[in-house]
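> Heads up, the sequence shown is in our numbering, so the first residue is 141 and it goes up one at a time. Glycine residues also receive a C-beta, built at the ideal position from the N, C-alpha and C atoms. Since the structure is predicted, the reported quantities are computational estimates derived from the model, not experimental observations.
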Amino acid sequence: MHYCRINDIHAGRPLNQKIEIRGWVKTRRDSKDFSFLEINDGSCLANLQVIASSDLKDYADIVLKLHTGCSLLIQGILKESPAKGQEIELHVEQLEVYGWADPARYPLQKKRHSFEFLRSIAHLRPRTNSLGAIARIRSSLSFGVHKFFQEQGFIHVHTPIITTSDCEGAGEMFKVVAPPHTNKEEQNDFFGKPASLTVSGQLQAEVYALSLGKVYTFGPTFRAENSNTSRHLAEFWMVEPEIAFCDLAENMNLAESFLKYLIQYVLDHNEQDMELFANFIDKELHKKLETVLRSSFSHITYTEAISILEKTNKAFEFPVRWGIDLQAEHERYLCENIFANPVFVTDYPKEIKPFYMRLNDDDKTVAAMDLLLPGIGEIIGGSQREERYDFLVSRMKETNLNLDDYDWYLDLRRFGTVPHSGFGLGFERFLQFVTSMNNIRDVIPFPRTPGSALY
Ligand code: 4AD
């Protein structure tokens, strides 16, 4: 006999065999001669029904005192269930309690709890159906990300978390300082120059793309932006491929096939968990995902987008004119009301984009692309990179970057430069899209937002 995970039991159904499970009580219901326990061990959404007979030696002392949250080891025989609602059930022969959970104090009772409440107990919320399902989907999609790129010959690069280069130039970097030493200067001088938490692994990914050809990085990124919205975190995970010998059009093709691959991946590998979101969060979830899978993403330039937005009657909170950064309300209006489809917006004014994007021939716009999704807005930001030394230097001067700090980056253009492109997918925003979860704080285990960093 060996210890089995409940997902394997449901898949393999080892009937009439003696098995052992370990997990937590979801519910207990008593009838005349038995107690029914629903046990979950986190391996899947489905519980295992366990039948504990009143003949058991510790029935009154143990079984009748079990409540939601108690942790157990159970040995018994798996049988076909005569009752409706489940196909199999485990008949207890032996049961041991690892830990009790006082029902007067345990915050997770059988009723449905609000996501706001669950956020306040983020150390217990993965025991709920929905947060458990998100954790499994998140894990599965992380694997899917690696599978997609590895299958296509991309090389995974671990880019640094502590960095001395500002990628996005938006002034949103958290400073990294050493613990207080004898004097204050030393504290800020641990690395010999000011250091921060990375906002993107792109610049370092470019280094490797210009040696290895096709690379990707997938890690935590940090932004000190004071945005308390349902789409922003101070710490989030980004997937960033970087490809040499690749222009903007190929970059967008890659982004589209990547997104579709991940959607198909989660539908194929997380069917049961996805069903929970389709049943309780968004009845249209499958339709939404199928539509994206079947569609060809739309493409418009920023200039066309502005002109479409200017012609609508909708009163936006942020007025529209050429040169503004598109706000979430504009992005969502475009992909939800105008296109009803994922949309790539390209060629933004250079003034609102970072220094590394390739200048277009009009001298006004850069080879940028943002992918907008219905219900989410921007999910991917990317560009073709400026590979021409002189153009890059002049953009860096215009944006007041210290050229000495980026001399290594300029070396990539001095020696064997090539056209190259890449993008960043916000992993949590993608998880929001595939689950239809409204708040980004519920798709990351331990959310960090302005004013809140628990654990
Ligand atoms: O558009 P962004 O800022 O692009 C970059 O950082 C590039 N260096 C990526 C690259 O080309 N390699 O961010 C990329 C994506 C956004 O589209 C969004 O999905 C997500 O990262 N993102 C956030 N997600 C959660 N919270 C935040 N504060 C986010 N900021 C960006």
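#1: From the DSSP output, in three-state form, read off residue 383 for me.
#2: To the nearest angstrom, report how far apart residue 473 and residue 259 are at their CA atoms.
#3: What's the C-alpha gap between residue 456 and residue 486?
#4: Between which two residues does the alpha helix (DSSP H) carrying residue 433 extend?
#5: To the nearest angstrom, how far is the alpha carbon of residue 155 from that of residue 149?
#6: Closer than 7 angstroms: is that where the CB of residue 295 sits relative to any heavy atom of the ligand 4AD?
#7: Below 6 angstroms CB to CB, which residues in the same chain sit around residue 414 once its five sequence neighbours on both sides are set aside?
#8: For residue 188, list the residues DSSP reports as bridge partners.
#9: Residue ranges of each beta strand (DSSP E) run of no fewer than 3 residues wholly in the segment 389-476, ordered along the chain?
#10: Here's a check: name, in chain order, each residue in its chain whose Cβ is nearer than 7 angstroms to the Cβ of residue 478, leaving out the five neighbours to either side.
#11: Using the rule of at least 16 other Cβ atoms within 10 Å of the residue's Cβ for burial, across every protein chain shown, is residue 164 buried or exposed?
#12: Could you tell me the distance, in whole angstroms, from the CA atom of residue 395 to the CA atom of residue 492?
#13: Hey, how far is the Cα of residue 204 from the Cα of residue 246?
#14: In terms of alpha-carbon separation, which member of 197, 223, 235, 228 lies closest to residue 214?
#15: If you measure between the beta carbons of residue 440 and residue 359, is that distance less than 8 angstroms?
#16: Give me whichever residues DSSP pairs with residue 375 in a beta bridge.
#17: Have a look at 255, 161, 185 and flag the residue whose alpha-carbon is nearest the alpha-carbon of residue 231.
#18: Since residue 379 contacts residue 564 with CB under 8 angstroms, what's their CB separation in whole angstroms?
#19: State buried or exposed for residue 549, treating a residue as buried only when at least 16 other CB atoms are found within 10 Å of its CB.
#20: Expressed to the nearest angstrom, what Euclidean distance is found between the alpha-carbon atoms of residue 252 and residue 270?
#21: I think residue 388 touches residue 509, with their Cβ atoms under 8 angstroms apart; what is that distance to the nearest whole Å?
#22: As a quick exercise: from 419, 590, 559, pick the residue whose alpha carbon is nearest that of residue 354.
#23: Below 8 angstroms, how does it come out for the segment 492-501 and the segment 525-535: are there three or more Cβ pairs, yes or no?
#24: Between 531, 242, 513, which has its C-alpha nearest residue 371's C-alpha?
#25: Looking only at its chain, what residues have a beta carbon closer than 8 angstroms to the beta carbon of residue 309, apart from the 5 residues adjacent to it on each side?
#26: I believe residue 208 touches residue 241 by the beta-carbon criterion, under 8 angstroms. Please report the beta-carbon distance rounded to the nearest angstrom.
#27: Hey, is the segment 399-411 in contact with the segment 422-433, meaning 3+ C-beta pairs nearer than 8 angstroms?
#28: Quickly, what does DSSP pair residue 158 with across the bridge? List them, please.
#29: For residue 344, count neighbouring Cβ atoms within 10 angstroms of its own Cβ and tell me buried if that reaches 16, exposed if not.
#30: Cβ atoms of residue 391 and residue 225: under 8 angstroms apart, would you say?
#31: For residue 202, which residues in the same chain have their Cβ closer than 7 angstroms to its Cβ, ignoring the five residues on either side in sequence?
#32: From residue 338 to residue 385, what does the alpha carbon distance come to, in whole angstroms?
#33: Assign residue 235 to one of three DSSP states: helix, strand, or coil.
#34: Anyone know if the C-beta pair for residue 506 and residue 488 falls short of 8 angstroms?
#35: Since I believe residue 312 is in contact with residue 275 (beta carbons under 8 angstroms), could you give me their beta-carbon distance rounded to a whole number of angstroms?
#36: Measuring straight from C-alpha to C-alpha, what distance separates residue 266 and residue 153?
Reading off the structure:
#1: The answer is strand: DSSP assigns residue 383 an E or B state.
#2: Whole-angstrom Cα-Cα distance: 30 angstroms.
#3: When rounded, the separation of the alpha-carbon atoms in residue 456 and residue 486 is 21 angstroms.
#4: Element bounds for residue 433: 425-434.
#5: Going by C-alpha positions, residue 155 is about 9 angstroms away from residue 149.
#6: Short note on residue 295: C-beta not closer than 7 angstroms to any heavy atom of the ligand 4AD.
#7: Apart from the 5 residues on each side of it in sequence, residue 414 has no Cβ closer than 6 angstroms to any other Cβ in its chain.
#8: Answer is 179, bridged to residue 188.
#9: If one requires a minimum length of 3 residues, the beta strand (DSSP E) runs lying completely within the segment 389-476 are 438-441, in chain order.
#10: Excluding positions up to five away in sequence, the list reads 448.
#11: Around the beta carbon of residue 164, 16 or more other beta carbons sit within 10 angstroms, so the residue counts as buried.
#12: Their backbone Cα atoms lie some 22 angstroms apart in a straight line.
#13: Annotation: residue 204 to residue 246 spans about 17 angstroms, alpha carbon to alpha carbon.
#14: By alpha-carbon distance to residue 214, the top candidate from 197, 223, 235, 228 is 235.
#15: No; because the gap between Cβ atoms is not below 8 angstroms, this pair is not in contact.
#16: In the DSSP output, where bridge partners are listed per residue, residue 375 has 362.
#17: Of 255, 161, 185, the residue nearest in Cα terms is 161.
#18: Their Cβ separation, rounded to whole angstroms, is 7 angstroms, which keeps residue 379 and residue 564 in contact under 8 angstroms.
#19: Looking at its Cβ environment, which holds 16 or more other Cβ atoms inside 10 Å, residue 549 is buried.
#20: Those two C-alpha atoms are separated by around 10 angstroms.
#21: In this structure, residue 388 and residue 509 form a Cβ contact; the two beta carbons are roughly 6 angstroms apart against a cut-off of 8 angstroms.
#22: Of the listed residues, the one whose Cα sits closest to residue 354 is 559.
#23: The segment 492-501 is in contact with the segment 525-535.
#24: Out of 531, 242, 513, 513 has the C-alpha closest to the C-alpha of residue 371.
#25: Taken in chain order, the residues that qualify are 494, 495, 539, 541.
#26: That belief holds up - the Cβ atoms of residue 208 and residue 241 are roughly 7 angstroms apart, short of 8 angstroms.
#27: Counting C-beta pairs with one atom in each stretch, the segment 399-411 and the segment 422-433 have three or more that are closer than 8 angstroms, which means they touch.
#28: Residue pairing for residue 158: DSSP places it in a beta bridge opposite 217.
#29: Buried, by the Cβ-count rule.
#30: It is not a contact, given that the beta carbons lie outside the stated cut-off.
#31: Closer than 7 angstroms at the Cβ level, and outside the excluded window around residue 202, lie 235, 237.
#32: In a straight line, the C-alpha of residue 338 is about 26 angstroms away from that of residue 385.
#33: Three-state DSSP puts residue 235 in a strand.
#34: Taking 8 angstroms as the Cβ cut-off, residue 506 and residue 488 qualify as a contacting pair.
#35: Their Cβ separation, rounded to whole angstroms, is 28 angstroms, which puts residue 275 and residue 312 out of contact at 8 angstroms.
#36: Cα atoms of residue 266 and residue 153: separation of roughly 26 angstroms, rounded to the nearest angstrom.
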